[in-house]
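Start counting the first sequence at 649; every next residue gets the next number (our numbering).
By construction, the Cβ of each residue, glycine as well, lies at the ideal position given by its N, Cα and C atoms.
On a predicted model such as this, the values are computed, not experimentally measured, just so you know.
To start, the structure itself, in C-alpha cells.
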Amino acid sequence: MAQRDSIPAPNFIRNIIAEDLKANKNEGRVITRFPPEPNGYLHIGHAKSICLNFNLAAENGGTCHLRFDDTNPSKEEIEYIESIKKDVQWLGFNWGKHLYYTSDYFEKLFDYAVRLIKDGKAYVDSLSADEIRKYRGTLTEPGKDSPYRGRSSGENLDLFERMRAGEYEDGAHVLRAKIDMASPNLNMRDPTMYRIRRAVHHRTGDRWCIYPMYDFAHCLSDSIEGITHSICTLEFEDNRPLYDWFLEELGVHHPQQIEFARLNLTHTVLSKRKLIELVKDQHVTGWDDPRMPTISGLRRRGYTPEAIRDFCERIGVAKRDSMVDVALLEHCLRENLNKKSPRVMAVLNPLRVVIDNYPEGQVEELEAENNPEDPDMGTRKVPFSRELYIEQEDFREDPPKKFFRLAPGREVRLKHAYYVTCVSVIKNEKTGAVTELHCTYDSETRGGWSKDGRKVKGTLHWVSAAHALKAEVRLYDHLFLKENPIEAKDGTDFKADLNPDSLETLTRCRVEPSLADVQPASRYQFLRQGYFCLDSADSSPGLLVFNRTATLRDTWAKIQKAQEKG
RNA sequence: UGGGGGAUCGUCUAGUGGUAGGACAAUGGACUCUGGAUCCAUUGGCGAGGGUUCAAAUCCUUCUCCCCCAGCCA
C-alpha cells in the first residue's frame, strides 16, 4: 500500500517509456495527450485515460495536452467542451497552456493533404458512399480500385481545391489516400481523408465545408504538437499502420501509438451510445444523475477526485479485455471518505422514543467527536431531550439471534448520550405497526459510559425530536442488476437489466441541527448509515436534500442473509 | 475461410528461465461508544496438449477460447 505513494506499480506502458528514456529516444521528452471528441460527457472510463496520460507525463517531467478532436461538426457542441474541461480540472489535472483543438490545424492539415496529392499518394474519388462500400470488398475478399483512382495529380489538386471552395454538394467527392485496395487490413484500402460536409463548426464557423477524417487528422495533430507517446484504446490497433503511413509518407515527427484496454465496470455501462440512451429515455434524470458513471454524476453523488485517481491507479493498465468489480471503486471511495468525513447523526426512517424518566422540558448539550479517525477535527454539541427519534430498524419487538439493538426490556447505548432501556411499546391498533417506544434512561451513564462497567451490546444513533431538521435523503444503488448488462440473444436490450430500485427517496428523515448550515457538496458520514453529501442541484435552505454516496460495510446485513438461508 | 490483438486466484494486476506476489471480494478471528474503521489469519490461479532445459507463467510447437475491423464516426 505504501508503494502506491512512492514507486508507481509497473505496467507495460510505463515500461515502454522507461526504455525509451533509457535509449534517449525523443531526447528524453515525454509528451502525451488526452484527445476527447466533444460529443458527450466524460465518464469513469475516460478518467482511466486521463490519469494514465497526465500521470505518465508528470512522472517523467513531461507535459500532457488537452486536445479536442473536433473534426466532425455535425456531432459536436460547445456544451461538451465546457463540461470536459471542468471534469478534467475537477479530477485534479492541469493542462497549463496546452489546450488545443484539431480545428486549429485545419489549414496545416489541408497543406499536408495537398502534399500527398502532389506526391501521387492521394486522389479525389467521385464514387458515392454506397459505391465506395461495395468497392471496399469484405473481410475475406480484396477490394477493387475505384475508376477514379488513376486521376492525374493536377486533376486531383484542382478537384480538391474546388471541394474546399464549396463547388460541390455534400458527398459528391472525397479525398482518399492511395494505398492498397487489396490490403488484408481494411483501414489500408484507400481510406477517406476528407469529406464534404456543409455544417457550421463550433469554432471555425462556415470557413470550411470539407473536414478531415480521424485517421488523417489525429496522427498529424499528434505530430504537430510533438507528442511522443500517443496512447489510445485497443480498437485502434488496426488503425496504427495507417497512423504510421501518413507520418512516414509526409516525413514528419512520428509519435508512437500505444493501445491499452478500455475500462469496463460491473453493474453499469460505459458506452457513449448506451449512456445517451439512458438519458434520452429518462431512465436517469440527466448526465449528472448520481447513478451515472459519468464524472459529473460521480461528482454529484459525492465521489472525491482522490478516490477516482486512486481507483485508476489500482486497476492497472494492460491489453486484455477486463471487467473491474465496482466494489473496488467503492472501496477506494470509502477509504478516502472514512479519513476525512465528519460524523453526524441522521435518522432515515424515524421511530419516536419517549424517555419517561427524563425531565420534561430539559435539554442537554452533549459533546460528540467529529471523527474518531482524526481527533484534530474536534467536537460539536448535540442536543438531547425527552423525545427522540431512532431508526425503525434499530428496534425489534421479537429480536432474532445476534440482534444487538433495542427490544422490549433491553438496554442499549444512545451514541454520545445515555444508556436507555425499552419499557413499553405503543402500536397502531389497526395495523399493529410500532408507532412509539417508551424507555427509561440511566442518568449515571451520561456521555455513554457506565461507571459500574456494565456493557451493552448495541449503540444506536438518534436525534432530538424538537431539535432535528427535516431532510430528504436519496438512497442510490447500482443502475443495473446484472454485472454485465448486454443485449441478450432474444433481442431484449441492455435496459431490461435496469435495477428498478436504483433510487429510493426518503422524505421524512431527521438530521441533527448542526447540519443547518451545510455547504453545498460537503460530505458527511451519517453514523452507522453511510456517506452522504448535499445534493448540488435540488437542495435548498428550505429543503435539505442528501445523496447517499456509499453505504458503510454492513455486517448485520450479511448475518441476516445467512440466517435467512438457514 | 482475411487481418489485428488477448488468455495468470471469483475480479483486477505483477512476474521476460530459478520458491507464482499484491489489491479487491469472500471466509474466520481480535478489537471497538459506528455490527463502521483498524489489525491478524485463511481460501484460491499460470486456457489445453506436446517439446527444449537441472529448472518453464516465461523459450519452441500444436490446439482451444475471447475481443476488434467492411462509417464520407472517433
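Measuring from the CB of residue i, is there a heavy atom of the ligand MN at a distance below 8 Å?
i, result
"Ile875", "Absence of the ligand MN is noted for the structure shown, with no ligands found whatsoever."
Would you kindly report the start and end of the unbroken beta strand (DSSP E) that includes residue i?
i, result
"His1086", "Val1082 to Tyr1089"
"Arg768", "Per the sequence shown, residue 768 should be read as Gly rather than Arg. Run containing Gly768: none; DSSP gives neither H nor E here."
"His713", "Thr711 to Phe716"
"Glu1015", "Glu1012 to Glu1017"
"Ile679", "Ile679 to Phe682"
"Val822", "Val822 to Ala825"
Let me know the secondary structure DSSP gives residue i once reduced to three states.
i, result
"Pro1031", "strand"
"Ile655", "coil"
"Ala650", "With a pLDDT of 32 at Ala650, under the threshold of 50, the modelled position of this residue cannot be trusted; read the value that follows with caution. The answer is helix: DSSP assigns Ala650 an H, G or I state."
"Lys1118", "strand"
"Leu923", "helix"
"Phe1180", "strand"
"Asn1195", "strand"
"Ala847", "coil"
"Gly853", "strand"
"Leu747", "strand"
"Ile1207", "helix"
"Arg837", "coil"
"Phe1044", "Reading the sequence as shown, one finds Arg at residue 1044 and not Phe. If DSSP states are grouped into helix, strand and coil, Arg1044 belongs with coil."
"Arg1000", "strand"
"Ala705", "helix"
"Pro1023", "helix"
"Phe1128", "strand"
"Leu757", "helix"
"Leu1146", "strand"
"Leu700", "helix"
"Asp1187", "In the sequence as presented, Asp is not what sits at residue 1187; that position holds Ser. Three-state result, Ser1187: coil."
"Glu1212", "helix"
"Glu1039", "strand"
"Tyr859", "strand"
"Arg1201", "coil"
"Tyr842", "strand"
For the alpha helix (DSSP H) containing residue i, name the first residue and the last one.
i, result
"Leu1154", "Leu1154 -> not in any alpha helix (DSSP H); beta strand (DSSP E) instead, spanning Leu1151 to Val1159."
"Ser731", "Ile726 to Trp738"
"Met811", "Ser801 to Ala813"
"Phe959", "Pro953 to Arg962"
"Ser776", "Neither: Ser776 is in no alpha helix (DSSP H) and is coded neither H nor E."
"Ile1134", "That residue, Ile1134, is in no alpha helix (DSSP H); it is neither H nor E in DSSP."
"Val974", "Val974 to Lys988"
"Tyr891", "Arg888 to Leu898"
"Ala666", "Phe660 to Lys670"
"Tyr862", "Tyr862 to Ile872"
Based on DSSP bridge pairs, tell me the residues matched to residue i.
i, result
"Thr881", "Phe908"
"His691", "Thr942"
"Phe1174", "Val992 and Gly1178"
"Ser970", "The partner list for Ser970 (beta bridge, DSSP) is empty, contrary to what the question assumes."
"Leu913", "Val972"
"Leu918", "Looking at the DSSP assignment, Leu918 forms no beta bridge with any residue, so it has no partner."
"Leu1163", "DSSP, once it has assigned bridges, lists no residue as partnering Leu1163."
"Leu1123", "Glu1152"
Examine the Cβ distances between the stretch 857-871 and the stretch 724-738 and report whether three or more of them are shorter than 8 Å. no
Runs of 3 residues minimum, wholly inside the stretch 1046-1114: which ones carry the beta strand (DSSP E) assignment? Within the stretch 1046-1114, the complete beta strand (DSSP E) segments of 3 residues or longer fall at 1059-1062, 1067-1075, 1082-1089 and 1110-1112, listed in chain order.
Is it the case that the stretch 785-794 contacts the stretch 749-767, given that we only count it when at least three CB pairs across the two stretches are under 8 Å? Short answer: they don't touch.
Touch test, the stretch 695-712 against the stretch 892-901, Cβ-Cβ under 8 Å, three pairs minimum: Verdict: no, contact absent.
Are there three or more Cβ pairs, one per stretch, closer than 8 Å when the stretch 737-747 is compared with the stretch 942-958? yes
Would you call the stretch 1138-1149 and the stretch 1065-1079 touching, i.e. three or more CB-CB distances under 8 Å? no
Are the stretch 848-858 and the stretch 869-885 touching, with three or more C-beta to C-beta distances below 8 Å? no
Does the structure place the stretch 1102-1113 close enough to the stretch 1050-1067 that three or more beta carbon pairs sit under 8 Å? Yes: the two stretches touch, three or more of their Cβ pairs being nearer than 8 Å.
At a cut of 8 Å, does the stretch 922-935 reach the stretch 708-715 through at least three beta carbon pairs? no
Report yes or no: do three or more beta-carbon pairs, one from the stretch 911-920 and one from the stretch 973-987, lie closer than 8 Å? yes
Spell out a yes or no on whether the stretch 772-791 and the stretch 813-826 are touching, meaning 3 or more CB-CB pairs, one atom from each, closer than 8 Å. yes
Pair every Cβ in the stretch 797-808 with every Cβ in the stretch 766-774, then say whether three or more of these pairs are closer than 8 Å. Contact holds: three or more Cβ-Cβ distances are below 8 Å.
Count Cβ pairs between the stretch 1016-1026 and the stretch 975-989 that sit closer than 8 Å; are there 3 or more? Between the stretch 1016-1026 and the stretch 975-989, the count of C-beta pairs closer than 8 Å reaches three or more; the two stretches touch.
With contact counted as at least three CB pairs below 8 Å, one residue from each stretch, are the stretch 1001-1015 and the stretch 1178-1197 in contact? no
State whether the stretch 1147-1165 contacts the stretch 1116-1123, with contact taken as three or more CB pairs (one from each stretch) at a distance under 8 Å. yes
Does the stretch 1076-1090 come close enough to the stretch 992-1004 that 3 or more CB-CB pairs lie under 8 Å? yes
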